[in-house]
């Protein structure tokens, strides 16, 4: 967020979004910044974004864990759940005292990815290997405790769970049962929070209000870890509409595409394809309620902050000025029009800011 100056230019960003008919965004707090010391919180920067949203009539969806943890804390730490519950409670109280909007909150973004990234491939804290399940179990435990804290402070808050939507493709060596088992892993976090797995953690179907699924070009890959090409020539991909229908049938909760994007000139072709797949899913009865375009403004590469990714609705120049990508904006406006003209519920596009 600081790299894109969104913390300083939220009003400019919200004004741009309003100009193209977008009135709902995903935002996130940074736990390590708002918790000034264990159990003490400073939400002043968050407050500024909340007030700006009110001014522009923007509905925010807040992620509580998306940008890591405070120093010295990690999912398997004995104090992690207690600290996270305190964050959830403090934020819900602060929000209810300072906003007129209903609270929509994602307790922990992409538990499945975060578990793999931090527990299997040493991508982030605690930089472990062969520990993905352990990290996932503890993150789900924290999410359940956090949801209870949120609901205690604000019984009417809306809980949103966000996970990747993926498809692993086998070859002649794997049988259907093996591939089914591999693809089932993507639903473990939601199943645990729903109480369908690991019931000792206290999960419940009541914790699933809305479900978000993140989907990118590399969310389908071969069993040897090579991603399927896109645009594709061999037509091996499972249509997104099929994946959405599968996820919806599993939980029967309102869903949305919680992140999607492409880069360079592929942005337009990608969003056109995603739009048609979402329309197909809705025609099949899927309760699909939005598409989140990530990011709103271009973002730096995760491993090289000096290099930007050429993937935003607005690109950035060296001074952080927002430069509209007109073909991409036109594609988004076409998507909005298609949903509106077919008298569907999906008449807005959610957007997402992050570093």
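Numbering (this note's numbering), first residue to last: 309 to 663. Glycine included, C-beta positions come from ideal geometry on N, C-alpha and C.
N-terminal and C-terminal residue of the beta strand (DSSP E) that residue i is part of
i	result
residue 541	Run containing residue 541: none; DSSP gives neither H nor E here.
residue 314	Here residue 314 belongs to no beta strand (DSSP E), and DSSP marks it neither H nor E.
residue 596	596–601
residue 343	343–345
Residue i in three-state terms, based on DSSP
i	result
residue 523	coil
residue 635	helix
residue 412	strand
residue 567	strand
residue 550	helix
residue 536	coil
residue 332	strand
residue 434	coil
residue 325	helix
residue 615	strand
residue 588	helix
Alpha-carbon spacing of residue i relative to residue j, whole angstroms
i	j	result
residue 478	residue 522	22 Å
residue 328	residue 372	27 Å
residue 426	residue 418	12 Å
residue 368	residue 345	26 Å
residue 652	residue 378	Per-residue confidence for residue 652 stands at a pLDDT of 40, beneath the threshold of 50, marking its modelled position as unreliable; no derived number is given.
residue 458	residue 310	27 Å
residue 613	residue 542	35 Å
residue 398	residue 486	44 Å
residue 552	residue 565	9 Å
residue 347	residue 394	6 Å
residue 474	residue 548	9 Å
residue 529	residue 516	28 Å
residue 317	residue 324	11 Å
residue 354	residue 342	8 Å
residue 595	residue 467	17 Å
residue 593	residue 405	38 Å
residue 320	residue 480	53 Å
Short Cβ contact (8 Å threshold) for residue i with residue j
i	j	result
residue 527	residue 472	yes
residue 433	residue 364	no
residue 643	residue 583	yes
residue 375	residue 454	no
residue 601	residue 568	yes
Extent of the continuous alpha helix (DSSP H) to which residue i belongs
i	result
residue 399	388–406
Sheet register partners of residue i (DSSP bridge)
i	result
residue 470	417 and 520
residue 640	Answer is none; residue 640 lacks a bridge partner.
residue 624	630
residue 475	528
Short CB-CB distance (under 8 Å) between residue i and chain B
i	result
residue 318	The question asks about chain B, but that chain is absent: this structure has only one protein chain.
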